[in-house]
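Read through the structure below, which is laid out as structure tokens, and then see the notes.
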Amino acid sequence: MSYRLGVDVGGTFTDLLLIEEKTGRTWRNKVPSTPHDPSVAVINGTEAICAEAGVKPGEIDQFLHGTTVATNAVLEGKGARTGLVVTEGYRQILQVARSLVPGGLAAWITWPKPEPLAPLETTVEVTERLAADGSVVKPLDEASVRAALQRLKNEGIEALTVCLINSYVNGAHEKRVGEIAAEIFPDIPVSLSHEILPEMQEYERALTTVANSLVRPVMAMYVANLRAKLRALGMKGRINLLRSDGGLMGSEKAEGHPVNLLMSGPAGGVTGALWVSRNAGIGNILTLDVGGTSTDVALIENGEPKLRRETSVGHLTVRASSLDVKTVGAGGGSIAHVPELTRALRVGPESAGAVPGPAAYGKGGDRATVTDAHVVLGNLPESLLGGTFKLDRDAAKAVVQKVADALGVTLYEAAQGIIDIANENMFGALRLVSVQQGYDPREFALMGFGGAGSLHSNAVGKLMGSYPVIVPVSPGVLCATGDATTQLRYEHARSFNKMVNQTEDAEIATLLAEMREVVKGDLKDEGVPEDEQSVRFEAGVRYAGQGFEVSMAIDIADFEAGRGIEAVKAAFDAEHKRLFTFNLDVVHEIVNLRAIGLGKAAEMPAQKLAKGDTDPAQAKLRDHRMWVEGQERDAVIYERAKLEAGDRLAGPCVITEMDSTAVILPDHVGVVDDFGNILINPVA
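Taken in order, the sequence shown gives residues 240 to 923; the numbers are from the numbering used here.
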């Protein structure tokens, strides 16, 4: 037997999914996260799930991992002290940055500009210059390089970035600086911008490469430590990490290119939702991933998630592909409070996290959280994780009562207010990926997952008008499902920067063919045979004079046949019209080209349920009382594992399973499909 293990580390819980390759049989587990060292929870969970399945770690062929280590290093300001080497005259490149100031009118008055990732004291200049075509204007002065690097050594840097002007066309000078740096700094990582981001726009290239250096030591230490621990367990299989764009990369490659992992955690949920959507036969889906600390939302159209050419974490935005995921500070552990000044209820973004967690967890939490509000309202029964995790309802009532007293309302009104505000925060995030990008949310289903997603999805779907609301099987470990069912992915990009009337189809076809060989080589290095490789292409296109480009899918066959330029022009015009409602009568410019190499998608056969008679009586655990929509109502608690295909679940009711709990509201009904997904719709 061969096995595949997906592991997703969240702020509160670490989720695991073990798959037996041939039969598709699965085992799921959740263990508390260990923020001080995430690898501890990964190893604890791996040992636990292997013991449960009766599998030795040596039988696991692939270990697939989504991690927030790089994300947290940026958010918490715990990255490495980074040195930056630039061309003479460009020392202030990160300080000058771009002129964009977030916010409305006069926002520059109140906006505190973030500190550059590489400060001026660790930024040095070297004598050299390349022209825009890559030709040498001024040779590299190696004496100036050694002097500059020696100054950085005195500054005690922990990582080094080299970003020279126009090196994306010709990386020779950067390579030589890197060689000299390896002599002077034999023990620190060196990132070269032409290897990390071989594209025009010096600021974006510098910022992205510096960000790579910032998280590289901590990420390399984490990956190497985790790999050593897994090998010590006896695991001999491949170890892959989830990229921000939803693909996989080898752990060794991840150590050198961690900037591609900044949104690794949220990407797992979207790839898991893709797997569910294929089984449910629904192509348009809004995803709602509610964890303990935050909520991540994304949009899937016609079975394809939306990708961005940028990755944003906090104030940092780098040029690296990522799934278009928006995040808000609203999760199960989000703390509710009533500020003295306004006396208005606030929920989040501060979170109780894994320690101490919500008061209901019995670990010393003394502030009301979203989870506590759910316990008070009866949305969460007294036990979680299949009965292994007991909830303290009295403790939850005590902390929510503090909020109620501060507001001058009843206990249940305060609890409902906490839930309503969390739902509105999620609603606002979903509008960012739908309405504000030209999509009507009523044309999309809504899928809630994560530990708390199914508690909120029906209410948020009602706000959005998005139906059906999908409750997937084991929503609490869907991120781990995504980790385990995605594919290896590598990208290679080149700046092109030509108007369409200055190039020909044949020139572009030749470049695409060269780029195809590069990504196929990356896949080959990861052990992917050629017959399991596929390559897709994209082009960044804009109207001449625009300050941004739109990524368009292109087909190399169109360029080989002489119709590629016309095809990409027409596709860009259609997308520009959808995004902005107008087109311009000016020439098109192809800014960059990108080849994307993909390994064979991992397969996990979905298990079909036995057909039922629409009556879920066999799954009923007990009668229940819930406070919902302003009053206490009779309800039923069902056990998810005993539901059958075709069962109809009338709201209000609660459905429990090992890793998650779902709520169906009054005047709604959930129908179980053939694969166990619950599809919730309003009662006609």
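Heads up, the beta-carbon is just placed ideally off N, CA and C, and yes, glycines get one too.
Remember, predicted model here, so these are calculated numbers, not experimental data.
Assuming the contact rule is C-beta atoms closer than 8 Å, residue i and residue j should be a hit. Round their C-beta distance to whole Å, please.
i, j, result
"serine 516", "threonine 321", "Serine 516 to threonine 321, Cβ: 40 Å. No contact."
"isoleucine 332", "alanine 445", "5 Å"
"glycine 721", "glycine 507", "4 Å"
"alanine 575", "asparagine 664", "Not quite, the Cβ-Cβ distance comes to about 12 Å (not below 8 Å), so this is no contact."
"threonine 326", "threonine 400", "Threonine 326 to threonine 400, Cβ: 13 Å. No contact."
"leucine 714", "glycine 687", "Residue 714 is actually proline in this sequence, not leucine. Proline 714 to glycine 687, Cβ: 7 Å. Contact."
"leucine 465", "proline 296", "With a Cβ gap of about 13 Å, leucine 465 and proline 296 do not count as contacting."
"leucine 500", "threonine 361", "Incorrect: roughly 24 Å between the Cβ atoms, too far for contact."
"glutamate 397", "alanine 319", "4 Å"
"arginine 755", "valine 774", "5 Å"
"alanine 635", "valine 614", "4 Å"
From which residue to which residue does the beta strand (DSSP E) around residue i run?
i, result
"leucine 918", "917-921"
"leucine 303", "299-305"
"lysine 859", "859-867"
"glycine 656", "It is not in any beta strand (DSSP E) - glycine 656 instead sits in the alpha helix (DSSP H) that spans 650-672."
"glutamine 870", "870-878"
"alanine 889", "887-889"
"tryptophan 266", "265-271"
"isoleucine 478", "477-481"
Under 8 Å between the Cβ atoms of residue i and residue j?
i, j, result
"proline 891", "methionine 865", "yes"
"asparagine 920", "valine 712", "no"
"valine 830", "asparagine 736", "yes"
"leucine 525", "serine 406", "no"
"histidine 304", "valine 529", "no"
"valine 639", "alanine 653", "yes"
"isoleucine 609", "alanine 645", "The sequence shown places valine at residue 609, rather than the isoleucine named in the question. Not in contact: valine 609 and alanine 645 (Cβ atoms no closer than 8 Å)."
"leucine 403", "glutamate 367", "yes"
"asparagine 268", "glutamate 298", "no"
"alanine 858", "serine 693", "no"
"histidine 863", "alanine 856", "no"
"leucine 359", "glutamine 334", "yes"
"glycine 617", "glycine 604", "no"
"asparagine 283", "valine 270", "yes"
"serine 490", "methionine 502", "no"
"valine 564", "isoleucine 657", "no"
"isoleucine 835", "glutamate 777", "yes"
"phenylalanine 798", "leucine 751", "yes"
Taking residue i as part of the alpha helix (DSSP H), name the residues at either end of that continuous run.
i, result
"leucine 848", "Segment: none, leucine 848 is in no alpha helix (DSSP H) and carries neither H nor E."
"arginine 681", "Neither: arginine 681 is in no alpha helix (DSSP H) and is coded neither H nor E."
"phenylalanine 735", "Counting along the chain, phenylalanine 735 falls outside any alpha helix (DSSP H), though it belongs to the beta strand (DSSP E) covering 728-738."
"lysine 383", "Looking at the sequence provided, one finds serine at residue 383 rather than lysine. It spans 381-394 - the alpha helix (DSSP H) in which serine 383 sits, taken as one unbroken run."
"methionine 703", "692-703"
Out of curiosity, what's the CA-to-CA distance linking residue i and residue j?
i, j, result
"leucine 918", "alanine 691", "17 Å"
"histidine 554", "aspartate 886", "47 Å"
"lysine 701", "proline 680", "11 Å"
"aspartate 906", "alanine 889", "8 Å"
"leucine 256", "valine 246", "7 Å"
"glycine 909", "valine 893", "11 Å"
"leucine 624", "methionine 897", "Per-residue confidence for leucine 624 stands at a pLDDT of 48, beneath the threshold of 50, marking its modelled position as unreliable; the derived number appears in the next sentence. Answer to the nearest angstrom: the Cα atoms are 4 Å apart."
"valine 340", "proline 351", "10 Å"
"asparagine 541", "arginine 582", "45 Å"
"valine 789", "alanine 357", "29 Å"
"valine 324", "lysine 414", "12 Å"
"arginine 457", "glutamate 494", "In the sequence under discussion, the amino acid at residue 457 is valine, which differs from the arginine named in the question. Between valine 457 and glutamate 494, the C-alpha separation is close to 9 Å."
"serine 432", "arginine 547", "20 Å"
"arginine 670", "alanine 698", "15 Å"
"valine 744", "valine 807", "Checking the sequence shown, residue 744 turns out to be aspartate, not valine. Approximately 11 Å, taken between the alpha carbons."
"tyrosine 242", "threonine 262", "10 Å"
"serine 272", "valine 577", "29 Å"
"leucine 685", "alanine 387", "55 Å"
"glutamate 364", "glutamine 440", "18 Å"
"arginine 861", "leucine 848", "23 Å"
"alanine 923", "aspartate 913", "22 Å"
"proline 497", "alanine 840", "22 Å"
"tyrosine 244", "arginine 470", "Per the sequence shown, the amino acid found at residue 244 is leucine instead of tyrosine. Approximately 14 Å between the Cα atoms of the pair."
"isoleucine 804", "alanine 591", "54 Å"
"arginine 557", "serine 551", "This sequence places valine at residue 557; arginine is not what is there. C-alpha separation (whole angstroms): 7 Å."
"glutamine 655", "glycine 571", "14 Å"
"isoleucine 876", "proline 707", "21 Å"
Between residue i and chain C, is the shortest Cβ-Cβ distance under 8 Å, so that the two count as touching?
i, result
"threonine 265", "The structure shown contains no chain C; it is built from a single protein chain."
Is it true that the segment 524-537 meets the segment 403-423, where meeting means three or more beta-carbon pairs spaced less than 8 Å apart?
no
Could you say if the segment 771-784 and the segment 821-841 meet the contact criterion of at least three C-beta pairs nearer than 8 Å?
yes
So, do the segment 805-817 and the segment 722-733 have three or more beta carbon pairs nearer to each other than 8 Å?
no
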